[in-house]
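Heads up, the thing below is written out as structure tokens.
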Amino acid sequence: MFRFNNDYNRGAHPEILKALAQNNEESYPGYGADRWCERAQAEILKHLGGVKAQVHFIVGGTPTNATLIAAALRPWQSVISVDTGHINAHEAGSIELTGHKVLAVPAENGKLTARAVEEDCRRYLDGGAPEYLTQPKLAYISSPSEFGTVYAKAELEELSAACKKYGLYLFLDGARLGYWLASEGCDVTLADLARLTDAFYIGGTKCGALFGEALVLGNPALQDHFRTCMKQRGDVLAKGWLMGLQFYTLFQNGLYFDLARRADRQAMEIKAAFQKAGIPLWVDSPTNQQFAVVSRAQEAALGKDFIFELSHAVDAQHNCIRFCTSWSTRNEEVAALIAAIESLPGCEEAK
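1019 is the number that the numbering used here gives the last residue of the sequence shown; the numbers go up by one with no jumps.
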């Protein structure tokens, strides 16, 4: 069986394993006070266009989201997210567990719009009884979105302006950030993110690391005592150098972007195969996630040799299924999938 169900189904890139093995016998201070965390932070800061940010390492995406949001908000404040957003649909109420409501709004092509932020804020301000409502204070986005779609710089600028207008923080979930920044046509850089958001994170778990996310806090209002907030939530790893060394390895010579670029190219080959076979795609994704609308017979045929993820039912006869490439996807796996797509039942007329 070939796995295309996610982008975290193998351990870590060999360069990371090599670095960990070479440094395994060294001893370090605990809790991130080591030279590898310092070096990794310095490498990341080089990309931020001079923004005086803090960089913190946290083991996974959900704790990063929950800790940042809990630290940013007061008890009466809430988060705006699209209905398909990870914190709304895939994190088991972890944000609500911190005492903060998620205000879900309809997504447009998987994304949050400045208009939706403005409408939610106006609803709160114009409702006449704010004491009966939670105050929107943070807008949560991810890029790529849950459907692999991405934000253009102009969209981020509009979102940033809307958040500033109403006094909201803008927070970007970057679990798959590399696959966005390396995608063809992307006009956004890490420096743009540091300028346009109040906080964002650089995903490692899905982009070549064993584990770990690098949270970038650009807004000074979010920086005060943030490590204390991390400690309260169990996010300060005793062996913090394990994450520092991984991110240093990923960033010192551009490996992070090289791995993502390769995965995106493979995803474009898969995308082209579906298009050639006449199989519609749910969205136009330039990243490592591709969503195909297939018949039940086609889904069953692919399921004989490939593991993928069911996204949702489209109608009684069709499902939307997701295929992910990753830093570790092999070219022969992609070739096998393309061959299977070309031979799917019902696709002969498209050849």
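By construction, the Cβ of each residue, glycine as well, lies at the ideal position given by its N, Cα and C atoms.
Worksheet item: Which ranges does the beta strand (DSSP E) cover as unbroken runs of at least 3 residues, wholly within the segment 672-748, from first to last along the chain?
Response: 722-726
Worksheet item: Nearest-angstrom Cα distance between residue 857 and residue 1013?
Response: 42 Å
Item to complete: Give the straight-line distance between the Cα atoms of residue 1003 and residue 755, rounded to the nearest whole angstrom.
Response: 34 Å
Worksheet item: Is it true that the CB of residue 821 sits closer than 8 Å to the CB of residue 860?
Response: yes
Practice prompt. Return the chain-ordered list of same chain residues with a C-beta closer than 7 Å to the C-beta of residue 744, the five sequence neighbours on each side being excluded.
Written response: 802, 803
Item to complete: Label residue 1018 either buried or exposed according to how many other C-beta atoms from any shown protein chain fall within 10 Å of its C-beta, with 16 as the threshold for buried.
Response: Unreliable placement is indicated for residue 1018, whose pLDDT of 47 sits below 50; the coordinate value is still reported in the next sentence. Burial call: exposed.
Fill in: Coil, strand or helix - residue 854 by DSSP
coil
Worksheet entry | Whole runs of the beta strand (DSSP E) within the segment 789-828, excluding any shorter than 3 residues | 803-810
Worksheet item: Would you call residue 892 buried or exposed, if buried means 16 or more other Cβ atoms sit within 10 Å of its Cβ?
Response: exposed
Discussion item. Classify residue 686: buried if its beta carbon has 16 or more other beta carbons within 10 angstroms, exposed otherwise.
Written reply: exposed
Discussion item. Here's the rule I'm using: 16 or more other beta-carbon atoms within 10 Å means buried, otherwise exposed. How should residue 844 be labelled?
Written reply: buried
Practice prompt. Would you identify the three-state DSSP class for residue 926, choosing helix, strand or coil?
Written response: helix
Discussion item. Excluding the 5 residues flanking residue 958 on each side, which residues of the same chain have their C-beta closer than 6 Å to its C-beta?
Written reply: 935, 938, 939, 991
Worksheet entry | Cβ-heavy atom distance, residue 669 to the ligand SAM, below 7 Å | The model on display carries no ligand, and the ligand SAM is accordingly not part of it.
Fill in: Of the residues 901, 904, 876, the one placed nearest residue 922, counting alpha carbons only
876
Discussion item. Across the segment 699-713 and the segment 844-854, are there enough close Cβ pairs to call them in contact, namely three or more that are closer than 8 Å?
Written reply: no
Practice prompt. Could you tell me whether the segment 944-960 touches the segment 807-816, using the rule of 3 or more Cβ pairs below 8 Å?
Written response: yes
Worksheet item: For residue 907, which of 920, 695, 894, 855 has the nearest alpha-carbon?
Response: 695
Item to complete: Report the partner residues of residue 976 according to the DSSP bridge assignment.
Response: According to DSSP, residue 976 bridges with nothing at all.
Practice prompt. Determine the closest residue to residue 725 out of 828, 886, 898, with distance taken between C-alpha atoms.
Written response: 898
Worksheet entry | C-alpha gap between residue 882 and residue 811, whole angstroms | 15 Å
Item to complete: Measure the alpha-carbon distance for residue 784 versus residue 835 and round it to whole angstroms.
Response: 15 Å
Worksheet entry | Cβ neighbours of residue 674 in the same chain (closer than 6 Å, five flanking residues each side left out) | 992
Worksheet item: Between 964, 896, 874, which lies nearest to residue 956 when the distance is taken from Cα to Cα?
Response: 874
Worksheet item: From this set, 986, 864, 929, which residue's C-alpha is nearest residue 851's C-alpha?
Response: 929
Discussion item. Please give me, in chain order, every unbroken run of the alpha helix (DSSP H) with length at least 4 that falls completely inside the segment 854-878.
Written reply: 858-864
Fill in: Spatial distance of residue 693 from residue 798 (CA atoms)
58 Å
Discussion item. Counting C-beta neighbours from all protein chains within 10 Å, is the total for residue 966 16 or more, i.e. buried, or is it exposed?
Written reply: buried
Fill in: CB of residue 806 within 8 Å of CB of residue 839, strictly
yes
Worksheet entry | Burial state of residue 917, where buried means 16 or more other Cβ atoms lie within 10 Å | buried
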